[in-house]
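*Asks:*
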Amino acid sequence: MNKRTLLENPISPSTLTRPIELYVFLDPLCGDCWSIQPLLRKLQVEYERYFTLRIALRSSLPTMNSKCTQKVEDALACERTHPTFPSIAVKAAEFQGKRAGFRFLSKMLEYSFLKSRDVTSFSVLVEIAQKVNLDVDEFIRDFPSKNVLRSLQVDLYMSKEMEVEQSPTFVFFNENIEDEGLKVSGLYGYEVYEQILEELLDAAIIPDLPPSLEDLFQRFDTLTTAEIADIYNLPERSAERELKKRLLQQHVERMTIEDITLWRKKQK
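Per this note's numbering, residue 13 is the first one in the sequence shown, and the count goes up by one each step.
#1: Looking only at DSSP bridge pairs, what is residue 218 linked to?
#2: Among residues of its own chain, excluding the 5 on either side of residue 21, which ones have a beta-carbon nearer than 6 Å to its beta-carbon?
#3: Can the beta-carbon of residue 236 be found closer than 8 Å to that of residue 272?
#4: Should residue 58 be labelled buried (16 or more other beta-carbon atoms within 10 Å of its own) or exposed?
#5: For the alpha helix (DSSP H) that residue 153 lies in, which residues bound it at each end?
#6: Tell me the DSSP secondary structure of residue 48 in three-state form.
#7: Among the residues of its own chain, which have a CB less than 6 Å from the CB of residue 240, if the five just before and after it don't count?
#8: Quick one: grab the DSSP three-state call for residue 87.
#9: Could you give the DSSP three-state label for residue 6: helix, strand or coil?
#10: Would you identify the three-state DSSP class for residue 200, choosing helix, strand or coil?
#11: Evaluate residue 88 with the Cβ neighbour count: other Cβ atoms within 10 Å of its Cβ, from every protein chain shown; 16 or more gives buried, anything less gives exposed.
#12: What does the alpha-carbon distance come out to for the pair residue 68 and residue 171?
#13: From residue 224 to residue 178, what distance separates their C-alpha atoms?
#14: Do residue 168 and residue 66 count as a contact pair if the criterion is CB distance below 8 Å?
#15: From residue 298 to residue 61, what distance separates their C-alpha atoms?
#16: What is the C-beta distance between residue 275 and residue 255, in whole angstroms, given that I count them as a contact (C-beta under 8 Å)?
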């Protein structure tokens, strides 16, 4: 991490409009893409005023060419499964807004990697759409539409053009259109991404203070104890103690899945 202090030419957020474009290429079925979520969230909380985040989805060609399967005992279309359905679903969710797409992707990763649900099933994807308060009828209409498929094809085209060969991959672009993007394949420590932002901006960066816990849960539906501790720079035990206070006050709810504790705003 660059050791310059904030007094040594810190960049002023009032003088710029998000000078960095950050593309993050993900395969929704990739295990590392679940691991990267806490890192991305912390980057958004601390440094989002410096960059615009764009999530791009990629699937392997064998996956794209897989046949759609259907349960023999159930002729309903909602029981269809296909390996590309998760990517298509995220794009359908994005048609209801960028944040809607983020919420859907986050919940889908939770379903897949914590709850071991089959997110290649259309019926499960519809359930997720309900959980994140999408317009479900619109989601179902958009899912098979040419516009959604075209949006996914754009992501796949960008993946090819930027020579992205694995998930996750970060590609950073600065304001100078003459410069090539900086590609970082794989998963690294948080400090690496901070350093890249500083190098691209050629100035020290100032992290924003985290929002209130209530505002954090407005933005991110569920968070682990470890995520909350990291965002607020607290020991995990201290974070858990504060969350338990709010649990007793019925401000939050706790869910335990295997050995992971998830917290969310109290549902009415």
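Ideal Cβ positions, reconstructed from N, Cα and C, are used throughout, including at glycine. Bear in mind the structure is a predicted one, so any value in this text is a computation, not a measurement.
*Replies:* This is what the structure gives:
#1: Your numbering for residue 218 matches position 206 in the sequence shown. According to DSSP, which records beta bridges pairwise, residue 218 is partnered with nothing at all.
#2: Numbered from 1 along the sequence shown, position 9 holds the residue referred to as residue 21. For residue 21, the predicted structure reports a pLDDT of 38, less than 50, and the residue's modelled location is therefore unreliable. A value from the coordinates is still provided. The answer, listed in chain order, is 215.
#3: Numbered from its first residue, the sequence shown carries residue 236 at position 224. Numbered from its first residue, the sequence shown carries residue 272 at position 260. It is a contact, given that the beta carbons lie within the stated cut-off.
#4: Along the sequence shown, read from residue 1 onward, the residue named residue 58 stands at position 46. So residue 58 counts as buried.
#5: Residue 153 sits at position 141 when you count from the first residue of the sequence shown. That run of the alpha helix (DSSP H) goes 148-154.
#6: Taking the sequence shown and counting its residues from 1, the one referred to as residue 48 is at position 36. Coil.
#7: Stepping through the sequence shown from its first residue, residue 240 is reached at position 228. Counting only Cβ-Cβ distances below 6 Å, and skipping sequence neighbours, we find 251.
#8: Translated into the one-based positions of the sequence shown, residue 87 becomes position 75. With a pLDDT of 37 at residue 87, under the threshold of 50, the predicted position of this residue should be treated as unreliable, though the coordinate-derived value follows. Looking at residue 87 - three-state DSSP - the assignment turns out to be coil, as it is neither helix nor strand.
#9: Here the chain comprises residues numbered 13 to 280, so residue 6 is not present and cannot be evaluated.
#10: Position 188 of the sequence shown, counting from 1, holds the residue named residue 200. Coil.
#11: On the sequence shown, position 76 is the one that residue 88 refers to. With a pLDDT of only 40 at residue 88, under 50, the local geometry of the prediction cannot be trusted, and the value read off the model is given with reservation. That one is exposed.
#12: Within the sequence shown, the letter at position 56 stands for residue 68. Within the sequence shown, the letter at position 159 stands for residue 171. If I take the Cα positions, the gap works out to 8 Å.
#13: Indexing the sequence shown from 1 puts residue 224 at position 212. Indexing the sequence shown from 1 puts residue 178 at position 166. Spanning the two alpha carbons is a distance of roughly 35 Å.
#14: The sequence position of residue 66 within the sequence shown is 54, counting from 1. The sequence position of residue 168 within the sequence shown is 156, counting from 1. Not in contact: residue 66 and residue 168 (Cβ atoms no closer than 8 Å).
#15: Missing from the structure shown is residue 298; the chain here goes from 13 to 280 and no further.
#16: Against the sequence shown, residue 275 aligns to sequence position 263. Against the sequence shown, residue 255 aligns to sequence position 243. Residue 275 to residue 255, Cβ: 6 Å. Contact.
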